[in-house]
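Protein chains: 2
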Amino acid sequence: MSSLPPLSLSILGVEPLDEFIKEIADFIHHMIISRPDLPGNVEVEAKIGLLRERGGGRLSLPVLVETILTPDSIDCRFESNMTAAQHKHFNTLLNELKISSSQPGYASSSPLDYHHLRLVDSFYPSETNDREKIRVTRDEKSGAVIECMRKIRLGDLNIYSPKRLADWRVSVNLEVPCSHPVGSSTHQRKKDRMSYSHEEFNIDLTQVTSTNQSGTPEILHELELEIARPALLLLTASKRGDMNVPENERNAFDELIRAFVNNARILARNASDSWH
Amino acid sequence: MSSLPPLSLSILGVEPLDEFIKEIADFIHHMIISRPDLPGNVEVEAKIGLLRERGGGRLSLPVLVETILTPDSIDCRFESNMTAAQHKHFNTLLNELKISSSQPGYASSSPLDYHHLRLVDSFYPSETNDREKIRVTRDEKSGAVIECMRKIRLGDLNIYSPKRLADWRVSVNLEVPCSHPVGSSTHQRKKDRMSYSHEEFNIDLTQVTSTNQSGTPEILHELELEIARPALLLLTASKRGDMNVPENERNAFDELIRAFVNNARILARNASDSWH
């Protein structure tokens, strides 16, 4: 007995299904198929931040590893923010990854692309729903309107990650285009955004400067991962598990969500330190 | 856009490390390297059962997926038991798997082997430690002593599995051989055991009939998975992460624990229903 003989993955010869990824895929799929019948894009995003208890401290649960919280079961809120140092750290990591992934002969993955955006969001009350807002996004330099939309929250799942410096949240929203509102905005947010793209995902690293009506500015540092093509998301969701389509189309939604969860985990784990 | 283009596993091109499996591997490794310096075998096992709150009901935590509980943080106990119907169900599944895995041309995994054992355990107080017991195991039919040993509990991890009908527990024990105790036993357990073996693991499905000093019999149905070769376990643990040995030896401990966790998960998920 000098070493371990080759092992099967299990008594069944396969890895057991990943319960965590399936739970998130089931949740997103349910949000998509039960959404309001309105024209618009479904946005699926993961935000990196912290789950905070009512007192303001980080949530603490008696578990050792990353897990999904039961919705509405815990009195906590998700804060989509990080320190300026963490933000700079992610900027460095993503820039290095963009450079290394663009080298000839780099085989691990596709190259990342990159855009620097400076945007201004103005928020207006919605005439149809007190809880919703209308967001007008402009290019900061030219002032040109990029989009006007009403964002309808469909649902969130909070991911508690006790071994890491960050938690994360999966959000599903419906973005409904609308006409430019009249009247004055309630508040504005300036967004200085490094937007990285990789295959079917965008990673937005944003410094947000908010100004409310009292004029006090607040600076937040946000990191978001989103599925880049809402139409592809809906197409794959519509074929999920359909035995009348080829296997690769039937499984495409779950493959997309697997890569989405993998990327969100990699981001949350790297809230400090080098890539791992 | 007719379908999903081939996706990388992540922006780094790899699956992120499985935090759950690494946590269990780190725990077992720590128990092994910090064990008392006594001659004996290290036993690593996973028991399938239920985590119960003090009131007797199943533990309930606000999480949606399988997770590892922080030791000593929750007032609960693990019950290594299942219904007679579940026991029969596992017996059927494992027998079917033994038959299918032994067919010529079966490619998913190695064949299972099988033994039916009828054993009697007698327990004696330890002279050296009030909290430990000495176990004498005999063949029920012949009465021959199979082993005498003192079992020293090193540590446990409880796994809460809210989507399944069963939870599980990883236990690490040190089994120290000893001479046959004198005096009379405090209690006995008759074990009717179907012992399946697959590669480096034993799966023991046991009907246990306990008799205490008052003579009242109690029947339990236990399902345990254990690492079959303690010497191999210690060998792989000693080389874990050692950069002076070849990569396959350096990773062998983690590969062994990965298959152990996969098998424990598959067993816990099949507490009813067909294999999945």
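Respectively, the protein sequence lines represent chains X and W. Heads up: the first sequence is residues 1 to 276, going by full-length UniProt numbering. Heads up: the second sequence is residues 1 to 276, going by full-length UniProt numbering. Where a beta carbon is used, it is the ideal one built from N, C-alpha and C, also for glycine. Predicted model, so just to flag it, every value in this text is computed and none were measured.
Of the residues X/K47, X/G13, X/S8, X/P36, the one whose Cα lies closest to the Cα of X/S171 is X/K47. Taking 7 angstroms as the Cβ-Cβ cut-off, the region 123-156 of chain X has no residue approaching chain W.
In this structure, X/L232 keeps its C-beta atom at 8 angstroms or more from the C-beta atom of X/N263. Proximity to X/D37 across X/N158, X/I152, X/I21, X/R164 peaks at X/I152, based on C-alpha coordinates. Under a criterion of Cβ atoms nearer than 9 angstroms, the residues of chain X adjacent to W/L112 are, in order, I11. Inter-residue distance for X/T137 and X/H180 is about 10 angstroms (C-alpha atoms, whole angstroms). Taking C-beta atoms as the reference points, W/A228 and W/S197 count as a pair closer than 8 angstroms. Leaving aside the five residues that flank X/I134 on each side, the residues in its chain whose CB is nearer than 8 angstroms to its CB run, in chain order, F123, Y124, P125, S126, C148, M149, R150, C178, P181. Where X/A237 is concerned, the enclosing alpha helix (DSSP H) starts and stops at 230-238. The straight-line gap separating the alpha-carbon atoms of W/M31 and W/L157 is approximately 11 angstroms.
In the DSSP assignment, X/M243 falls outside any alpha helix (DSSP H) and carries neither an H nor an E. The beta carbon of W/P104 does not come within 8 angstroms of any beta carbon belonging to chain X, so the residue lies off that interface. Taken through DSSP and simplified to helix, strand or coil, X/S197 comes out as strand.
Residue nearest to W/G56 within the set W/C76, W/T206, W/W168 is W/C76 (criterion: CA-CA distance).
In the structure shown, the three-state DSSP call for W/Q86 is helix. Bounds of the alpha helix (DSSP H) holding X/I28 are 19-33.
In the DSSP secondary-structure assignment, W/E218 is bridged to W/S210. If you check each beta-carbon in the region 25-49 of chain W against every beta-carbon of chain X, none falls closer than 8 angstroms. Sorting X/S8, X/V44, X/P16 by C-alpha distance to the C-alpha of X/P230 places X/V44 at the top. Here DSSP, grouped into helix, strand and coil, assigns W/V261 to helix.
In the structure shown, W/K163 falls within a coil segment according to DSSP collapsed to helix, strand and coil. Here the alpha carbons of X/S161 and X/L223 stand approximately 16 angstroms from one another. Straight-line measurement puts the Cα of W/P71 at about 47 angstroms from the Cα of X/L117. In this structure W/L4 is buried. Its beta-carbon is surrounded by 16 or more other beta-carbon atoms within 10 angstroms.
Interface residue (Cβ-Cβ distance to chain W less than 8 angstroms): X/P217 is not classified as such. Just measuring C-alpha positions, the residue of X/R269, X/K163, X/N251 sitting nearest X/H29 is X/N251. Counting only the Cα atoms, X/L17 lies some 20 angstroms from W/S101. Among the residues of chain X, those whose CB is under 9 angstroms from the CB of W/K163 are E19, E23, following chain order.
Remark: fewer than three beta-carbon pairs, one from each stretch, lie closer than 8 angstroms, so the region 6-15 of chain W and the region 211-220 of chain W are not flagged as touching. The beta carbons of X/L154 and X/R240 sit about 17 angstroms from each other, so the pair does not count as a contact at 8 angstroms. Contact of X/I159 with chain W is not assigned, every C-beta pair being separated by 8 angstroms or more. Restricting attention to beta strand (DSSP E) runs no shorter than 3 residues, the region 101-125 of chain X encloses them at 113-125, ordered along the chain. In the DSSP assignment, X/R77 forms a beta bridge with X/R52.
Looking at the DSSP output, W/P177 sits in a beta bridge with W/M149. CA-to-CA, the gap between W/R193 and W/Q207 works out to about 6 angstroms.
X/R138: not part of any alpha helix (DSSP H); member of the beta strand (DSSP E) spanning 133-139, first to last residue.
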